[in-house]
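Chains as they are written, first to last, in our numbering: chain A, 695 to 973; chain B, 429 to 572. Ideal Cβ positions, reconstructed from N, Cα and C, are used throughout, including at glycine. Worksheet for the structure shown next.
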Amino acid sequence: MVGHWRFNEPNLQRQMKKILLELLLSVLLIAAVWFGLSRVDWMKLFDIEQATQNTEEKVGDLFWKLLKSSETEISSDSIVAPVDSMLTRICTANSINRKKVKLHLLRKDEINAFALPNNHLVIYSGLIAACENEAELYGVIGHELAHMEKNHVMNKLIKEVGLSVLISMSTGNGNAEVIKETLKHLSSTAYDRSLETEADLTAADYLINAGINPEPFANFLYRLADETKNLPNQIYWISTHPESKERAEKIIEQIKGKDFPKADLKDSLRFEVLKESIK
Amino acid sequence: MITTSDFHYQPSEHELEKASNSYLMSLIAIMGGLPLPIINLIATFVFYLGNRKGTYFVRWHCIQALFSQLFLLPFNSVGFWWTISIIFTPETITSNYIAYMITIFIFNLIEFIGTIYTAVVTRKGQHIEWWVIGGLTNLICKDK
Numbered sequence: 695m696v697g698h699w700r701f702n703e704p705n706l707q708r709q710m711k712k713i714l715l716e717l718l719l720s721v722l723l724i725a726a727v728w729f730g731l732s733r734v735d736w737m738k739l740f741d742i743e744q745a746t747q748n749t750e751e752k753v754g755d756l757f758w759k760l761l762k763s764s765e766t767e768i769s770s771d772s773i774v775a776p777v778d779s780m781l782t783r784i785c786t787a788n789s790i791n792r793k794k795v796k797l798h799l800l801r802k803d804e805i806n807a808f809a810l811p812n813n814h815l816v817i818y819s820g821l822i823a824a825c826e827n828e829a830e831l832y833g834v835i836g837h838e839l840a841h842m843e844k845n846h847v848m849n850k851l852i853k854e855v856g857l858s859v860l861i862s863m864s865t866g867n868g869n870a871e872v873i874k875e876t877l878k879h880l881s882s883t884a885y886d887r888s889l890e891t892e893a894d895l896t897a898a899d900y901l902i903n904a905g906i907n908p909e910p911f912a913n914f915l916y917r918l919a920d921e922t923k924n925l926p927n928q929i930y931w932i933s934t935h936p937e938s939k940e941r942a943e944k945i946i947e948q949i950k951g952k953d954f955p956k957a958d959l960k961d962s963l964r965f966e967v968l969k970e971s972i973k
Numbered sequence: 429m430i431t432t433s434d435f436h437y438q439p440s441e442h443e444l445e446k447a448s449n450s451y452l453m454s455l456i457a458i459m460g461g462l463p464l465p466i467i468n469l470i471a472t473f474v475f476y477l478g479n480r481k482g483t484y485f486v487r488w489h490c491i492q493a494l495f496s497q498l499f500l501l502p503f504n505s506v507g508f509w510w511t512i513s514i515i516f517t518p519e520t521i522t523s524n525y526i527a528y529m530i531t532i533f534i535f536n537l538i539e540f541i542g543t544i545y546t547a548v549v550t551r552k553g554q555h556i557e558w559w560v561i562g563g564l565t566n567l568i569c570k571d572k
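Put into structure tokens, the structure is as follows:
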């Protein structure tokens, strides 16, 4: 009776082989089903990308409208044109569609710049005034562009606010207070450290591709990190971007050995005009 | 995938009920613990501990039920942590992720139906050996 269930040595080996073969076949079957199913474009089938895109467009426009109604937008050509041309230079050098980026300059003393959903790039006059040279402003623009290109803006919102809240905002059912708070959150809090570092390093690459030395951008982070101690409430862009010194060091590390114009970019006449006009 | 045969002795009514319950245990755990795959395994393991000194038939089926939970555990765990990484890290939903979740759903469904079938048939006194798991149980569970 017992012998029927006990295995002698060759039987045991045969049984082990059978089990291993069956196990292998089962795993292969699961892998084959996964492989087969992954050939289907589920994102398109479920309209996930389109739905996200629509939500992003509506939420981005909603945030911008709200911001525009409470701040003063700068429309002067002597200020907008130089920044616009800087943005165009980075976009062109990095094959980024310039037309999709909506540049907005706001008159405010806060040293701040941020990206909103649907590629709205907002820069405060305080930040332009704080830049000691053109390359620093190029760095900030590159950093915010990187957040847009890496889809950090929507990812941050989805994780922190939730997709359902964003969809209700985009369909006009959002609570006004929640929309206001979300916009405040987006403009005054940092992304997590890995995303900030990714944006910094991508920005450094963007600058190199555009023939701009990224070192002034690293210096800008370093300098403002020091100044934050004296003016903590003014320097949003740094106080919301923690570990600025570490980040500056990472940029320097990243650009080591890379080919780019080592001398500081000479400020264009337009930048001088810009600095004058912004005062 | 499933082989039905007669056990080498006729189990008593009490044994049939306990053996069948070992599968029901994993089913109840599946319903209660879907988001956390480890819960099914723990529940079945606790049931096994309670019956490890039971008769050969009961032990055999407790172990098969335990292994049936173990088999999909790695796949379910990957699915679970993949989902967590999408929620809490910059990872995004991709077609590969959706395909993986559908795959593990299909295999969990097969396992679920197989478990119900095994619980019913075991209660009727038939001995069922699962693909892979039955052979493994034969290797580990010995008649005293």
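Closest option to A/Asn-806, judged by alpha-carbon separation, among A/Ile-822, A/Trp-736, A/Asn-791 and A/Val-721: A/Ile-822. In this structure, the alpha-carbon of B/Ser-454 lies about 10 Å from that of B/Val-474. Burial state of A/Val-872 is exposed, judged by a 10 Å Cβ sphere holding fewer than 16 other Cβ atoms. Residue pairing from DSSP places B/Ser-433 in a beta bridge opposite B/His-555.
Per DSSP, the continuous alpha helix (DSSP H) segment holding A/Ala-823 begins and ends at 819–824. In the three-state scheme derived from DSSP, where H, G and I count as helix and E and B as strand, A/Lys-796 is classed as strand.
Classified as exposed, A/His-879 has fewer than 16 neighbouring CB atoms from the shown chains inside 10 Å of its CB. Across the set B/Asp-571, B/Leu-500, B/Val-548 and B/Ile-556, the C-alpha of B/Leu-500 shows the shortest separation from the C-alpha of A/Ser-720. With respect to the 8 Å criterion, B/Ser-440 and B/His-489 are not classified as neighbours on the basis of their beta carbons. Taking C-beta atoms as the reference points, A/Leu-760 and A/Ile-835 fail to come closer than 8 Å. Taking a Cβ-Cβ threshold of 8 Å, the residues of chain A close to B/Ile-534 are Val-727, in chain order. When Cβ pairs closer than 8 Å are counted between the two stretches, the region 884–899 of chain A is seen to touch the region 835–845 of chain A, the count reaching three or more. Taking the Cα of A/Arg-801 as reference, the smallest distance to any Cα among A/Gly-820, A/Ile-784 and A/Ile-790 is reached at A/Gly-820. For B/Ile-512, the closest Cβ of chain A is not nearer than 8 Å.
Using a CB distance below 7 Å, no part of the region 904–920 of chain A faces chain B.
For the pair A/Ile-902 and A/Pro-955, the Cα-to-Cα distance works out to about 8 Å.
In this model, B/Ile-534 and B/Leu-452 are separated by some 20 Å (Cα to Cα). For A/Phe-740, no beta strand (DSSP E) run applies, since DSSP gives it neither H nor E. Ranking A/Met-863, A/Ile-906 and A/Ile-972 by CA distance to the CA of A/Thr-746 puts A/Met-863 first. At a cut-off of 8 Å, the C-beta of A/Lys-712 has a neighbouring C-beta in chain B. The beta carbons of A/Glu-890 and A/Arg-941 sit about 7 Å from each other, so the pair counts as a contact at 8 Å. Taking a Cβ-Cβ threshold of 7 Å, the residues of chain A close to B/Ile-526 are Trp-736, in chain order. Look at the region 714–725 of chain A: the residues with a C-beta under 8 Å from a C-beta of chain B are Glu-716, Leu-717, Ser-720 and Ile-724. The residues Leu-444 and Ser-448, in chain order, have a CB closer than 6 Å to that of B/Arg-551 in the same chain once the five nearest residues on each side in sequence are set aside. Not flagged as an interface residue toward chain A: B/Thr-472, since no C-beta distance is shorter than 8 Å.
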